[in-house]
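Visitor: Residue numbers (my numbering): 779 to 1535.
Here it is: the structure, laid out below.
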C-alpha cells in the first residue's frame, strides 16, 4: 500500500496548531490570575492534548513532546500537586514559544536546529518535584487581564508615549468564513454570469450591425465612384438610376440607427440592474477581508504580561471591543503599532508599585485598550493611569536634538508641544533598550497609521496618565479620492485627509516670513503649491488659463497633528470611488506616493501619501532644510570605535557601519579601546560587555571619569539581557543597550542615528 502523503495536510495542521498556541498563551495567563479555576485548567488541557495528538499524527515529534509535558504539568495542577505560580507560568509560556518556533520551521527545506530538550527538562523538573509552594512574594510582579465589562470602579485613564520599532506582523494568508457568506457570493456571481451571457448576445448583435455598416459603405463607395467618373453628366446613366441605391443607403442608415439605439437602451437597462449586484458583491468581498480586532488583541495580553514581569511592575490590562472588525491589511499594520504603545506604556508610563503608592495611587497600574466603530472609521484607544508626559522634558529634548528652534518653541501652545513627540528621533528615554525601544519614537506609529489614511493623536495629564487615539478607515482597498490637477498632471488625494476646500483669489494670499499664508478658521495657515512639493516642472502659462491673476485658485486644507497646511492646485477634477493598488515590488516606495488607481477612462492616477506629503511640504516651507542637508553630509565623516573580542561579531559590525558611510576603527577589549581613543577622535563607541582584560562596563565607567569622554555616545551590543545588567549599563553611562539575541542591523543603525545623527 502506498504511504499517505502527509504534506497535503500541513496547512490544516499549522492553522489548527496556531489556534491552540493562542489558547495556551491566553489560558496560562488566566490561570496565573485564577490558579484554582478548574474550567481554565480544563480548557488549556484540551488544547495541549489535541495539539499533542495532531502532532503525533503528523510525525512532528518536537511539538508532541512539549505538548505532552504541558499536559502532564496541567494534570498535576488539576490534582493540586502543583500551583500555577508566576515562575511556572514563565516556564509554560517558554514552552509554548518553542512550539511556535518549531511550527514556523516546518515545511522549510533546511532541517530545524531547534532543540526542545531543555524546555522539556525544565517542565519535567516541575512535574517530578510536585511542588506545592507558591512563589508569589511581595516583590513578585503580577498581571491581571480581564474584559472592561468585568472591571468595576475602574478610573478613566491615559496612555504612555514612547514607541519601539518592531518587525512587521503578518496575519494568516487564509481566513475562515461561514458557508452562508460563500453561498451569497455564489448567488451574486450567478447573476453576473447571466449578465455575461446577455452581453455575449449583445456583442453578436453589434457584429451584425458592423456587417451592415460594411455593406452600406460598399454601396456608398460605388455611388461615389460613379459620380466621380461623371457618368451622370455624360448621359450614360440616368438620374433615376441613382434613386434606388440612395434609398437603400438611407434605409440601411435608419436601420443601423434604430439598431444602435435599441442596443444602447438594452445596455443602459442592464447596467441599471447590474450596478446594485456589483455594489453588493463589492461589499460582500470587503466583508471577507474583515477580521475582528481579537485577532491581534489576544497576543498583546502575553506581551504586557512579559514586559510587566521584566519591569517588576503590577499591571492590569483592560480590553474592550474585541469584536470590532477591520480590514486584514489594516490589522497587520496596526499590531506592531500597538506593540510599540503597550511596551512603552508598561515600561515608561506605569510607575513602579512603590512610586505609585507614594503618589497615593493603587499599586497596580491600569492600561486600557479599546476598539469601537465611529462612523465610517474605527477608533483604537490606548490609555494608562501612569505618570503622564512631562511637557518641560519634551521641550528640553526637542531643543537638544534640534527638532525645533527656540523661537518656534516659544510660540507653541501645550497641544503643539505635545505633538513634538511624533517627530523623528524623539525619545525621552535615558537609554535605548529592547523593552523601551530601539531609539525609534512615535514617528514610526504616525508614519504607519498615516499610510493607512488614518490619524493618531495624544493627550496627557501629569501623574494622571496619557491617552493615545488612533482613527483608521475600515478598509484600505476601496476609498474615495479627490482628483486634482497640478502642472497638467492629475493626482488623487484620499478624501478623508482633506479637511476643507477653499477658493482663494491670489490677492487673498498673504506673505509671512517669505511664505504664502491664508486666514482659515481665525488662524494663519501656510500655503504651498502642490506642484512645488512634488517638484513638478513648470508649464508655461497660457493666456486664458486658470492661472491668470483674475481667476480663483482652489486650496485644499489638510492637517497633521493639529497643524494645518494648504495645498494650492491648478484645478479640481472631481471626486471618485476607486480601487487602491500598491505600486508593487518592481517599483517600490516613491516619495509622497502611496499607490495608484485606474480610472474609468483607462488613465492611471497616482495616489498621494498625505502624511508624507504634509511633512515634505513643511520641509519645503522651512529655512531649516539646508541645515539638515549639512548634517546628513557630515555623517560620512563620523568615526566609530567598535570594541568587541569576537572576530566574527567585530567584522560584522564593521561591515554594517562602513556600508552606511561611517569610518570604523576596531579594538579587541576595553584596554585596547582606551589605547585607540588616545590615538584619535571618535564620534561614538559600540562595545561588547564580556571581554578579556577590561570588560565593557569597566571600559565605559573609565571613560566617564575622563572629562574629554564624558559626553561621548556609547552603545552596548551584548548577549547579556537581564534587567539588572541593563540597569548597570545605564549606571556606568551608556546611552543604548542592544541585546544580541534581538540584533539586526536596523537596531544598531537606528540607535546610532538617534545618538549622533
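Note that the Cβ used here is the ideal one computed from N, Cα and C, for glycine as well.
Since this is a predicted model, take the numbers as computed values, not measurements.
Return the first residue and the last residue of the alpha helix (DSSP H) that residue 864 is part of.
Guide: Its alpha helix (DSSP H) spans residues 864–883.
Visitor: Rounded to whole angstroms, how far is the Cβ of residue 1379 from the Cβ of residue 1359, which I believe are closer than 8 Å?
Guide: Not really, about 16 Å apart at Cβ, beyond 8 Å.
Visitor: Between the alpha carbons of residue 1084 and residue 1296, how many angstroms are there, rounded?
Guide: Each residue's Cα considered, the two are about 51 Å apart.
Visitor: Need the endpoints of the beta strand (DSSP E) that residue 1314 sits in, please.
Guide: From DSSP, residue 1314 is part of no beta strand (DSSP E); its letter is neither H nor E.
Visitor: If contact is defined by three or more beta carbon pairs under 8 Å, each pair taking one atom from either stretch, is the stretch 1027–1037 in contact with the stretch 987–999?
Guide: Output reads yes: the stretch 1027–1037 touches the stretch 987–999.
Visitor: Could you round the C-beta distance between residue 1475 and residue 1510 to whole angstroms and report it? I think they count as a contact, below 8 Å.
Guide: With 8 Å as the limit, residue 1475 and residue 1510 qualify as a contact, their Cβ atoms being about 5 Å apart.
Visitor: Any contact between the stretch 1300–1309 and the stretch 1264–1275? By contact I mean 3 or more CB pairs, one from each, below 8 Å.
Guide: A contact exists between the stretch 1300–1309 and the stretch 1264–1275.
Visitor: Just to confirm the assignment, what range does the alpha helix (DSSP H) spanning residue 825 have?
Guide: Unbroken alpha helix (DSSP H) run through residue 825: 816–836.
Visitor: In chain order, which continuous runs of the alpha helix (DSSP H) of length 4 or greater are located wholly inside the stretch 1051–1105?
Guide: 1072–1089, all fully within the stretch 1051–1105.
Visitor: What is the rounded straight-line gap between the Cα of residue 1528 and the Cα of residue 1241?
Guide: The alpha-carbon atoms of residue 1528 and residue 1241 are separated by roughly 30 Å.
Visitor: Quick one: is residue 1131 buried, meaning 16 or more other Cβ sit within 10 Å of its Cβ, or exposed?
Guide: Residue 1131 should be labelled buried.
Visitor: Where does residue 1440 sit, in a helix, a strand or coil, going by DSSP?
Guide: Residue state, collapsed to three classes: coil.
Visitor: Could you name the residues that DSSP lists as bridge partners for residue 1179?
Guide: According to DSSP, residue 1179 bridges with nothing at all.
Visitor: Tell me the residue span of the alpha helix (DSSP H) that contains residue 1249.
Guide: Here residue 1249 belongs to no alpha helix (DSSP H); instead the beta strand (DSSP E) covers 1243–1251.
Visitor: Using CA coordinates, which residue listed in 1463, 1470, 1499, 1534 is at the minimum distance from residue 1512?
Guide: The residue with the shortest Cα to Cα distance from residue 1512 is 1463.
Visitor: When the Cα of residue 967 is compared with those of 1508, 893, 1058, 1000, which residue comes out closest?
Guide: Taking only the C-alpha atoms, the option nearest residue 967 is 1058.
Visitor: Closer than 8 Å is the cut-off here; do at least three beta carbon pairs connect the stretch 794–804 with the stretch 818–825?
Guide: Touching, yes, given that three or more Cβ pairs across the two stretches are closer than 8 Å.
Visitor: Residues in its own chain within less than 8 Å of residue 1492 by CB, not counting five upstream and five downstream?
Guide: Hits under 8 Å: 1462, 1463, 1465, 1478, 1481, 1511, 1512, 1513, 1514.
Visitor: Just to confirm my understanding: we take residue 875, look at its own chain, exclude 5 residues before and 5 after, and list those with CB closer than 6 Å. What are they?
Guide: Same-chain partners within the cutoff: there are none.
Visitor: Inspect the beta-carbon positions of residue 892 and residue 850 and report whether they are closer than 7 Å.
Guide: No, the Cβ-Cβ distance between residue 892 and residue 850 is not below 7 Å.
Visitor: So residue 1228 packs on residue 1388, CB below 8 Å; how close in whole Å?
Guide: Confirmed, Cβ separation roughly 7 Å.
Visitor: Please state if the CB of residue 1199 and the CB of residue 1162 are separated by a distance shorter than 7 Å.
Guide: No, the Cβ-Cβ distance between residue 1162 and residue 1199 is not below 7 Å.
Visitor: Nearest-angstrom Cα distance between residue 1043 and residue 1030?
Guide: Distance between the alpha carbons of residue 1043 and residue 1030: 20 Å.
Visitor: Would you mind sorting residue 1116 into buried or exposed? The rule is 16 or more other CB atoms within 10 Å of its CB.
Guide: Buried is the call here.
Visitor: Quick one, which of 1250, 1238, 1243 has its alpha-carbon nearest residue 1225's?
Guide: If we check each option's Cα against that of residue 1225, 1250 comes out closest.
Visitor: Using beta-carbon positions only, say whether residue 1354 and residue 1259 come within less than 7 Å of one another.
Guide: Contact: yes.
Visitor: Going by DSSP, which residues form a beta bridge with residue 1359?
Guide: In DSSP, residue 1359 forms a bridge with 1374.
Visitor: Using C-beta distances below 6 Å, list every residue in its chain close to residue 1142, excluding the 5 sequence neighbours before and after it, in chain order.
Guide: For residue 1142, where only same-chain residues beyond five positions count, the Cβ hits under 6 Å are 1092, 1094.
Visitor: Say whether the stretch 1181–1198 touches the stretch 1144–1156, bearing in mind that this needs 3 or more beta-carbon pairs closer than 8 Å, one atom from each stretch.
Guide: Segments in contact, no.
Visitor: Should residue 1035 be listed as close to the ligand MG, given that the test is whether its C-beta is under 6 Å from any heavy atom?
Guide: Summarising the ligand content, the structure contains no ligands, and the ligand MG is consequently not present.
Visitor: Note down, in chain order, each residue of its chain lying with its Cβ closer than 6 Å to the Cβ of residue 1394, except the 5 sequence neighbours on either side.
Guide: Within the same chain, residue 1394 has close Cβ partners 1311, 1370.
Visitor: May I ask you to report which of helix, strand or coil DSSP gives residue 981?
Guide: Helix, per DSSP.
Visitor: Relative to the C-alpha of residue 1067, which residue among 1190, 1256, 1278 is closest?
Guide: It is 1256.
Visitor: Contact between the stretch 842–861 and the stretch 825–833 is defined here as three or more beta-carbon pairs at a separation below 8 Å; is this criterion met?
Guide: A contact exists between the stretch 842–861 and the stretch 825–833.
Visitor: In the DSSP assignment, find the alpha helix (DSSP H) that holds residue 811 and state where it starts and stops.
Guide: Counting along the chain, the alpha helix (DSSP H) containing residue 811 begins and ends at 788–811.
Visitor: Have a look at 1164, 1096, 1418 and flag the residue whose alpha-carbon is nearest the alpha-carbon of residue 1438.
Guide: Nearest option by C-alpha distance: 1418.
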